[in-house]
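Presented below is the structure to which this report refers.
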Amino acid sequence: MTIVYIFLHKGWFFIAGTNSFTDADPLLLSIKSTSFGAVGAMVNFAVAYLVSNATKAPPEHIQELVESIRVPRGAGAATGH
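In this text, residue positions in the sequence shown follow our numbering: the first is 1438, and each later residue adds one.
What follows is the structure, given as structure tokens:
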């Protein structure tokens, strides 16, 4: 979403003359293209939340696999620096 908004303002793949809008003529709620990343991040979190609630949890063996990757075999407890 963010990259499309930027391309609409700065030109597709930043090619001059291919932009549909300018920052002086913003498309959505007077948000400049350089500030739209925050809106894109909020949309990303909302979509991730909806998808995680709409799908079932992964099987137990997959969850164990992920945990085994996070904590390598033979790794001791964390120590102070």
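A virtual CB, placed ideally from N, CA and C, is assigned to each residue, including glycine.
This structure is a prediction, so every number in the text was calculated from the model and none was measured.
Chain-order list of residues whose beta-carbon lies under 7 Å from that of residue i (same chain, five-residue window excluded)
{"i": "residue 1446", "result": "1456, 1458, 1459, 1460, 1470"}
Which of helix, strand or coil DSSP assigns to residue i
{"i": "residue 1502", "result": "helix"}
{"i": "residue 1468", "result": "coil"}
{"i": "residue 1507", "result": "helix"}
{"i": "residue 1458", "result": "coil"}
{"i": "residue 1522", "result": "Given that the chain is displayed from residue 1438 to residue 1518, the structure contains no residue 1522 and the question cannot be resolved."}
{"i": "residue 1515", "result": "coil"}
{"i": "residue 1443", "result": "helix"}
{"i": "residue 1520", "result": "Coverage of the chain is limited to positions 1438 through 1518, which leaves residue 1520 absent and any answer about it impossible."}
{"i": "residue 1483", "result": "helix"}
Expected contact under 8 Å - CB spacing of residue i and residue j to nearest Å
{"i": "residue 1442", "j": "residue 1482", "result": "With a Cβ gap of about 17 Å, residue 1442 and residue 1482 do not count as contacting."}
Test item: CB-CB of residue i and residue j under 8 Å
{"i": "residue 1476", "j": "residue 1468", "result": "yes"}
Residues near residue i in its chain [Cβ-Cβ closer than 6 Å; skip 5 each side]
{"i": "residue 1465", "result": "none"}
Nonlocal neighbours in the same chain, by C-beta distance under 8 Å from residue i, ignoring five residues either side
{"i": "residue 1448", "result": "1454, 1455, 1456"}
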